[in-house]
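Visitor: Here's a structure for you.
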Amino acid sequence: MLIIPIKDGENIDRALKRYKRKFDRTKTMKNLRARKQFIKPSVTNRAKNIKAKYVQNLRTTEEQG
């Protein structure tokens, strides 16, 4: 459960914005969506490897100019 302390005289919109930011940082929705269906570990590992290759490729092209 997220707790957002509201200071005296603080605008409700500002507090709501803080709540939304904190909610996004906890990755609650991402976890819920991931649990909706089962994904095989081999598929997740493959996606991780593909992402790592992509990032590595970006870094090497950045270094080369």
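Note that the working numbering has the sequence shown beginning at 4, numbered continuously upward. Just so it is clear, CB atoms sit at the ideal spot from N, CA and C, and this is done for glycine as well.
#1: Rounded to whole angstroms, what's the CA-CA distance from residue 21 to residue 37? Just pull it up for me.
#2: By DSSP, does residue 32 sit in helix, in strand, or in coil?
#3: Output needed for residue 25: all residues of its chain with C-beta closer than 6 Å, excluding positions within five of it in sequence on either side, in chain order.
#4: Going straight from the alpha carbon of residue 63 to that of residue 42, what length do you get?
Guide: In brief:
#1: Each residue's Cα considered, the two are about 25 Å apart.
#2: Helix.
#3: Here the set comprises 5.
#4: Roughly 31 Å between the two C-alpha positions.
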